[in-house]
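Only one structure is covered here, and it is reproduced in the block below.
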C-alpha cells in the first residue's frame with residue numbers, strides 16, 4: 001500500500017485543540033468554525049457540546065470537522081448560547097466514540113462537560129484508586145479522571161470540587177468546562193499547553209490558538225494564564241488562581257511545528273518566529289548552495305528565513321498535491337521498487353544539477369528525511385544539504401503530544417554523523433537549543449528555570465511522571481484499552 | 001453558508017484529465033495513481049475501464065480518485081494489462097453516473113471504450129442527425145457522439161470507422177480509446193488539449209500531463225502530436241496521421257493555470273515558465289512596495305518570479321488551511337458581516353503597515369479578488385497592488401474549459417480603471433499578451449498563425465463553432481440535459 | 001452459512017411486476033404504493049419514471065420499494081401526473097443499475113420509457129441484427145430490443161413504430177410505455193403475463209394484479225386483453241388490436257403461486273382457486289391422517305381447502321419467523337450438523353406422534369421438501385404425507401419466470417417413486433393437470449388449444465423459442481452480460 | 001404518511017429478550033442465532049458481549065439481529081466460549097447506542113456485563129442516591145443501577161456484591177451476567193419475566209424462550225426458577241437462592257401475545273394454549289356467523305381454536321404483505337381519504353355478504369380495531385363480530401412491557417358498550433379473566449395468590465412501585481433522558 005502522506009507520517013502530533021463560546025446565540029456554529037481552524041491540532045475525531053439553558057446536547061464524530069460539523073442538521077441539534085468543542089488526534093487504534101471529547105457526565109450538581117488539551121502524567125494511578133472505591137469509567141481517556149474526582153470530591157460547591165480535582169492531577173492541561181452555571185477555562189500551573197481568550201460582541205471565546213479567534217471574527221483579549229481559572233457566568237467574567245505560583249514552562253514545540261503560522265503568541269506571529277529560526281539556522285550552519293528548498297508545507301517559513309539570511313534563492317523544488325488518499329494498492333512488482341510519490345513530486349527541471357539546501361522543521365524517525373533526500377537525488381541534485389529548524393528530538397513527550405517511543409527517535413539512537421549517513425545527505429545540521437531560544441527573543445537557555453518546556457530536546461521534564469515511574473501501570477493501561485473495545 | 005473555497009471559486013476549470021496503460025499487469029492500479037496525479041484537472045468524478053483479454057470491466061464514481069480508486073476491492077474488480085481512466089469536472093448540475101467516463105459501448109466489432117479531454121464544437125448538430133436515424137444516446141456527453149459515429153460508420157474496420165468519425169467532429173479532443181485489439185491515443189489536428197506518451201518497462205503510458213508519468217515511475221517519451229493517432233496492439237506501437245497538417249494551437253492557459261507546476265512541456269517545467277511570467281509581469285508593471293505576496297496556491301510561482309525580478313521580498317502573507325469544508329452554517333448576525341475566512345487567513349503581523357504586491361494567475365469574475373484585497377486591508381496593509389500573470393480573460397472557451405458566460409467575465413464588462421475600482425486595489429495590472437508570449441520563449445504574438453490557442457484572451461477561435469452558431473441547438477442541449485435526469 | 005430463507009429458495013420466481021398511472025397528480029406516489037403491493041413479483045430492484053408535461057424523471061434502486069420509494073425526497077424528485085414503475089427479480093448476478101426498469105431513451109420523437117413483465121424468446125437474434133447496423137445497447141435486458149426496434153423503424157408515427165417493433169418480437173410481454181403524448185399499455189397476443197386496468201377518479205391505472213389497484217383505492221375496470229394496446233392520451237382512452245386474433249394462453253402458474261391470494265382474476269379470488277385446488281388435491285389423493293399442515297406461507301390456502309375437503313383439522317405445525325436474515329455464520333462443528341432453522345420452527349408439541357399431511361404449492365429442486373419432511377420427523381411426526389397443489393414441474397419457462405435449468409428440476413429427473421424416496425416422505429402426490437384445470441373451473445385439459453400456458457408442466461410452449469434454438473446465441477448472451485459489468 | 005404496520009402499532013410490546021452461552025466455542029455465533037429467534041421480543045436494537053478468557057468484546061447495533069449480527073466480521077470480532085446478548089424494544093425516542101445492552105463496566109474485580117429483561121420499579125430512587133455519592137451514569141437504563149450497586153457495595157466477593165445489589169432493587173428482572181469467573185443467570189423472586197435453561201453438548205444455554213434453544217439445537221433442561229441464581233463457572237453449574245421464598249407470579253401476557261407460538265412453557269406449547277383460549281372464548285361468547293377470520297398474525301392460533309370449538313370455518317380474510325415499509329408519502333387528496341392499506345388487504349371475494357367473526361389477541365388503544373372492522377365492512381361483510389382472546393387491558397405495566405399511559409387504554413376509558421361503538425363492530429366480547437385462567441389449566445382466578453401477574457387486566461401489582469409513588473422522580477427521569485442525548 002502506498003500512502004499519499006509520506007512526509008506527514010514522520011511528525012510529532014499535537015493531540016488536541018479546544019474551543020469554547022459563552023454567551024453567543026448559535027454558539028455551536030461558532031465552535032464548528034473555531035474547531036475547523038484548529039483542525040491541524042487533531043484530525044481523527046471532533047465533538048461539540050452545547051447548553052441551551054435547560055439541557056446539554058452533544059455530537060461526536062470520527063473524522064474532520066468539515067464533513068461532520070458543517071452539516072446544518074448537526075449544528076441545529078446543538079442549540080444554545082454556550083458551547084465547547086474538541087478536535088482529537090488519537091494515539092491508539094481505538095476507533096470507539098467513547099473517547100471523543102468533550103466528555104459529559106450527569107453529576108449530582110447537574111451536567112458537566114470537559115474538553116481537554118494535554119495529558120495527565122498520573123492518570124493511571126488516580127484511575128486505579130477511583131475504580132477501587134466504585135467509580136465506573138466509560139472511556140480510556142485520562143480526562144475522565146478529572147470528572148470522577150469532581151463527582152466524588154467531599155467539597156460542596158462544584159467550583160471547590162473542581163479545584164480539589166485539579167490539585168490531585170499532575171501534567172499538562174488546558175481545559176474548557178461547561179456546567180449549568182457557566183463556563184470554566186483553565187490552564188495547568190506551568191501553562192504547558194496554550195489557551196487564549198477572545199471577545200466577540202458580549203460573548204467570551206476560548207481557543208487553543210488565535211487563528212480560531214480570527215475565523216469567527218473575535219478580538220484577541222489575552223492568554224489564559226498558567227494556573228488561572230477563568231469563570232464566565234451570567235455574562236460576568238472572573239478569574240481565580242488556586243495554585244501556588246510557578247515559573248511558566250509553555251511548550252516550545254508549538255513555535256517549531258504545532259501552531260499555525262498565522263497564529264500570534266506573545267505578540268509575535270508564529271510565521272515571523274519560524275523565519276527567525278530559519279535565519280538563525282543559516283547563521284549557525286551556512287553552506288554553499290544554489291537553491292533553498294522547503295520541505296512542504298511545514299518547512300516553508302524557516303526556508304524563507306534561511307534564504308533571506310543566506311542570500312540563496314528560495315524555490316519550490318517539491319510540489320505537493322492537494323488531493324489526499326490513503327492506501328492505493330501496489331500496481332505490480334515493476335512499480336513497487338520505483339519511488340512512487342503520490343503527494344509530493346520533485347520539480348525536476350529546477351533541481352537538476354543544483355546544490356540544494358533542504359529545510360525542514362524537525363526529524364523524528366528520519367524515515368521520510370531519507371526518502372526526500374533520495375527524491376532530490378533522483379531529480380538530479382548535485383548536493384543535498386539538510387537543515388533542521390529545531391534541535392535533535394531525543395526524548396518522548398508525556399504532556400499531550402504523540403511521540404514515538406524513544407527507541408524510534410533517530411536522534412536518540414545516532415549522533416550527527418550517524419544521522420547524516422542514515423538520511424544519505426551531503427550534510428545535516430540542526431539549530432542549537434541556544435539558537436532556538438535566541439530566535440524566540442531570549443538569551444541562551446538557562447538550565448535553571450528555562451522559559452519553555454523543551455523536554456523533547458533536553459529531557460528536562462517540568463513535572464513528576466508518576467505513571468511512567470510505576471512501570472507496571474503502563475502495561476495495565478494497554479490491557480484496559482483493549483479490554484473495553 | 002460559508003464555503004472554505006472562496007478563492008478557488010473564481011477560476012477557470014479544466015474539465016478533464018485522461019490516463020491510459022497498455023501492457024502492464026495490474027494496469028488499473030497504475031491508472032488510479034495516474035488519475036490521482038491529474039486530480040487537479042477534474043474533481044467531480046472519475047472512472048476506469050480495463051480489458052483483461054476477454055472482457056471489459058468498468059468502475060465509475062462521483063468524487064475524488066482517492067476514496068474511490070484507492071480501495072483494493074475496486075482495483076481488483078478491474079483486472080487486465082490494459083486500462084484507461086478519466087477525471088471529470090462537471091459543468092452542469094448533473095449528478096448522474098451516466099456521464100462519467102470512460103464511456104463504453106458494445107459495437108458489432110466488440111467492446112469500445114473512450115476517455116475524452118476536450119470539447120466538440122459541433123456535437124449537438126451531429127447528435128441530432130444521429131438520433132434522427134435511430135441512434136439512442138445514453139448520456140448528455142459530447143463524447144458519446146464519437147461512439148455512435150463509429151457504430152454507424154459504413155467503413156469496415158474499426159480503425160477506418162474511428163477515423164471516419166473523427167473527420168466529422170470539430171473542436172478539441174485528446175482521446176484514449178480501448179478495443180479488444182488494443183489502445184488508440186490521439187489528439188485533434190490543432191492539438192488544443194495536451195497528451196503525452198511514456199514508457200514503463202514494456203508498457204506504453206498515455207497521460208494529460210507528465211506529472212502522471214512521474215507518479216508511476218514511467219519515463220517521458222514524447223508528446224502525442226496534433227493530428228496523430230498512436231495505436232498500441234500486441235505490444236507494438238504505430239502512428240498514423242489521417243488529417244491534413246495544420247499549425248498546432250495548444251491551449252495557452254495550460255501554462256497559466258491548468259497544468260501542475262511540476263509538469264514538463266516543450267522541455268520546460270511549468271514552474272519555470274510561471275516564474276518567467278512573473279518576472280515579465282514585474283518588468284511590464286513595476287511598483288514600489290515592501291512585500292510580494294502570492295494568492296495561494298496558484299499565484300506562488302509567478303510571485304516568486306516577480307519577487308526575484310523586482311528585488312522585493314517574497315512573503316507568505318496569506319495562510320491557507322489544508323482542511324476543506326463546504327457549507328458551514330452562518331452562526332448568527334453578528335458574525336455574518338465579519339470577514340469569516342475558513343480556508344485563508346491573513347498573516348496580520350506581517351502585513352500591518354506594509355505596501356504589498358498581490359500576485360494571482362488570473363481574474364475571472366473578480367469577486368474573490370475583491371475579497372482578498374479587502375482581507376489585506378483588514379489586516380492593515382498600507383497599499384495593495386494587484387498583479388495578474390495573464391492578460392484579461394474576455395472570452396468564453398468552447399474547447400473543454402468551464403468558463404462563465406461572457407457577461408460574467410469582469411474583463412468583458414469593464415476597462416482597467418473599472419476593474420481596479422471594482423476590486424478596490426490601489427493599482428491593478430495584467431501581463432500583456434505579447435509579454436505572455438515572450439515569457440513562453442516566443443517573439444510577440446502574431447495575428448497570423450499564433451502559436452497558441454489564446455481565444456479566452458483574444459477571441460481568436462481556431463475552429464468553427466457550429467453549435468454556437470446554431471443558437472437554438474444550445475437551448476435544446478439544456479433541455480436534453482434536464483430531461484433525462 | 002445459514003440462510004433464514006430455506007423454504008423460499010426452492011420456488012419459481014416471477015421476474016417482474018409493473019404499474020402505471022395516467023392522469024393523477026403525484027402519480028409517482030401512487031406508483032410507489034402499487035409497486036409495494038406487487039413486491040412479491042420482484043424483490044431485487046425497483047424503478048419509477050414520471051413525466052411532468054415537460055420532462056421525464058427516473059429513479060432506480062437496488063432492493064425493495066420500501067426503503068427506497070417510501071422516502072419523500074425520492075418521490076418529490078418524480079413530479080408529474082403520469083408515471084410508471086417496475087419491480088424486478090434478477091436472475092443473474094448482475095448488480096448493475098443498467099438493467100433496472102423502466103428503461104428510458106431519447107428518441108427523435110422525444111422521450112420513451114418502457115416497463116416490461118415477461119420475456120422475449122427471440123431477443124438475442126434481434127439484438128445481434130440491431131448491433132450490426134449500429135445500435136448501441138445500454139443494458140443486457142431483452143426489453144431494450146423493443147426500444148431500438150422503435151428507434152430504427154421506418155414508420156413515421158411513434159405508434160406505428162411501436163407496433164412495427166411488437167410485430168418483430170416473439171414471447172411474453174405485458175408492457176407499460178410512456179411518451180410525451182401519453183401512456184400505452186399492452187399485452188402480447190397470447191396474454192401470457194397478466195395486466196389489469198383500473199380507474200381512480202379520472203385517472204387510469206394499469207397493474208400486474210388487482211391487489212395493486214386495491215392499495216391505491218382504484219376500482220377494477222377490466223383486464224387488458226391479449227393482443228390489445230390501450231392508449232391513454234389527454235385523458236382519453238382508446239384501444240387497438242393490431243395482431244391477428246389468437247386463443248389466449250395466460251400463465252397457469254399465476255394461479256398456483258405467483259399472484260397474491262387476495263388478487264382477483266376472471267372474477268375469482270386467487271385464494272378461493274387455491275382452496276379449490278387443495279380440495280381437488282384431497283379428492284384425488286386422500287390419506288388417513290391427524291393433521292393438515294401448510295408449508296408457510298404459500299401452502300396455506302391449498303391446505304385450508306385440503307382440510308375442509310378431507311375433514312382433517314388444519315393446524316399451524318410450522319411457525320415462520322417474520323425476521324429475515326441472510327447468512328448467519330456457522331457456530332462451530334457441534335451445531336453445524338444440527339437442524340438449525342432460522343426462519344421456520346416445528347411446533348413440536350402439536351406434531352409429536354401425529355400422522356400429518358404437509359401441503360405445498362409446488363416442488364422445484366426438491367431440496368427444501370427434503371428439509372421440511374426431516375423437520376417434521378425430528379419433531380416426532382408418526383407419518384409424513386406430502387401433497388403438492390400443482391403437477392410435477394418438468395420444463396423450464398422462457399416467458400419471464402426464473403426456472404432452474406431442466407437438469408435441476410426434481411420432476412424432470414425422477415418418477416414419483418424416486419421423488420418420494422428423495423424427499424423421504426411416507427407418501428407424495430401431485431394434483432393432476434386435469435385436476436388443476438378442473439379446480440380452475442374448466443373441463444379437463446385439451447391438448448388442442450388448452451386454456452392456459454402450462455409449458456412448465458407439459459412442455460407445450462405456445463410460441464417459437466428462437467434464441468433457444470440458436471444454441472450459440474445463448475452462450476453469447478452470457479458473454480455479453482459479463483463483459484459489460 | 002402511511003405506515004405499513006397499522007395493526008402492529010396497537011400492541012403491547014415486550015421490551016427485551018436475552019440469551020447466554022457458557023462453554024461453547026464460537027459462543028457469539030450461537031448468541032446471534034438465539035437473539036434472532038427472540039427478535040419478536042425487541043426489534044429496535046441488539047447487542048452481544050463475549051469473553052475470550054482474557055478480554056471482553058462488545059458489539060451493539062440499532063436495528064435487527066439480521067443485518068448486523070449475521071455479518072461474519074461482526075461475529076469474528078466477538079471471540080470466546082462465553083457470550084450473552086440482548087434484543088431491545090426502546091420505549092422512548094432515544095436513538096443513542098448508550099442504552100443498548102449488554103451493559104458493560106470495568107469494576108475493580110474486572111469486567112462485568114449484564115443483559116436484563118424486565119424493569120426495576122425503584123430504579124430512579126436508587127439512581128438519585130448513587131449519583132449523590134459520586135457514581136456517574138452512562139445511560140438512562142435502569143439496568144445500570146445494578147452495576148453501580150455492585151461497584152459500590154461494601155461486600156468483598158463479586159457474588160456477594162451482586163446479591164447485595166439485587167436485594168436493593170424491586171420489580172421484574174431476568175438477568176444474564178458475565179464476569180471473568182463465569183456466567184450468572186437469575187430471575188427476580190416472583191419470576192415475572194421468563195428465563196429457561198438448556199444444554200448443547202457441554203455448554204449451558206440461557207434464553208428468554210425455548211424457541212431460542214431450538215434454533216441452536218439445544219436441549220431444554222428446565223426453567224431458571226423465580227428467586228434463583230444459576231452460576232456457571234469452569235463448566236460447573238451451581239444454584240443458590242438468596243431470597244425468602246415467595247409464590248411466583250409469571251407474566252400472563254406471555255401466553256396471550258409476547259411468546260412465540262412454538263415456545264414451550266410449563267410443558268405446554270404456547271400455540272395450544274392460545275387455541276384453548278380461542279375455544280374458551282367461543283364458549284363464553286358464541287355468535288352466529290359464516291366465517292372465523294384471524295387478525296394476522298397474532299390472532300391466528302386463537303382463531304383456529306375458536307373455529308374448531310364453534311364449527312364455523314376458519315378462513316384467511318385478511319392477507320398480510322411480507323414487505324414492510326415505513327412512511328410512504330400521501331399521493332394527493334383523492335387517495336388520502338381512501339382506506340389505503342399497505343400491509344393488509346381484505347380478501348374481498350371471500351368476505352362479501354358474509355357474517356364474520358374477527359379474532360384478535362388484545363385491544364390496547366383500539367385505533368386499529370376500528371380500522372380493521374372498517375376494512376371488513378368496505379369489503380362487503382354483512383356483520384362483523386370482534387372476539388378478543390384476553391380480558392380488557394385496563395392498567396399499565398411497570399415490569400418491562402411498553403404500555404401506553406392509562407388514559408390511552410381503550411378499556412380504561414370505556415365500558416363494553418362504549419368500546420363496541422368505538423370500533424363500530426356489530427358485537428364485541430373479551431374472554432373473562434377466569435376464562436383465561438381456565439384456558440391455562442387453572443381453576444378460576446383467586447384474588448389471594450393468583451398464579452400469574454395479571455396486573456394489566458386487574459391492576460393487582462405484585463411488587464411496590466416506588467418510582468411511581470414518588471411522582472416527581474418520574475418527571476426527572478424524562479428530563480434526564482433528554483438531557484444527555
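Chains as they are written, first to last, in the UniProt record's numbering: chain W, 1 to 485; chain G, 1 to 485; chain V, 1 to 485; chain L, 1 to 485. In this text, a Cβ means the ideal position worked out from N, Cα and C, and glycines have one as well. On a predicted model such as this, the values are computed, not experimentally measured, just so you know.
- Message: Quick test of your reading: residue 187 of chain L and residue 226 of chain L, contact by CB under 8 Å. State the CB separation rounded to the nearest angstrom.
- Response: 5 Å
- Task: Would you list the one or two residues that DSSP bridges to residue 49 of chain W?
- Result: W:58, W:84
- Message: Can you confirm whether residue 290 of chain V, when its beta carbon is compared against all beta carbons of chain L, has any partner nearer than 8 Å?
- Response: no
- Message: Using CA atoms only, rank isn't needed, just tell me which of G:22, G:269, G:374 is closest to residue 379 of chain W.
- Response: G:269
- Query: Taking C-alpha atoms, which residue in G:166, G:221, G:466, G:22 lies nearest to residue 189 of chain G?
  - Reply: G:166
- Query: Quick one: is residue 13 of chain W near chain G, going by C-beta distance under 8 Å?
  - Reply: no
- Task: Spatial neighbours of residue 404 of chain G within its chain, please: CB distance less than 7 Å, with the 5 preceding and 5 following residues excluded, ordered by chain position.
- Result: 364, 365
- Query: Taking all protein chains shown into account, do 16 or more other C-beta atoms lie within 10 angstroms of the C-beta of residue 195 of chain L, making it buried, or fewer, making it exposed?
  - Reply: buried
- C-beta atoms of residue 123 of chain V and residue 467 of chain V nearer than 8 Å: yes
- Query: How is the beta strand (DSSP E) around residue 114 of chain G delimited, first residue to last?
  - Reply: 110 to 120
- Item | Member of G:401, G:423, G:231, G:457 whose CA lies at the smallest distance from the CA of residue 22 of chain G | G:231
- Compare the C-alpha of residue 174 of chain L against each of L:84, L:301, L:464 and name the closest. L:84
- Whole angstroms is fine: what's the gap from residue 134 of chain G's alpha carbon to residue 128 of chain G's? 10 Å
- Message: Just verifying my parser: in three-state terms, what is the DSSP assignment at residue 415 of chain G?
- Response: coil
- Task: Give the range of the beta strand (DSSP E) segment to which residue 199 of chain L is assigned.
- Result: 196 to 200
- Item | alpha helix (DSSP H) segments (min. 4 residues) lying fully within the stretch 228 to 316 of chain L | 270 to 284, 300 to 310
- Query: Between which two residues does the beta strand (DSSP E) carrying residue 17 of chain W extend?
  - Reply: 16 to 22
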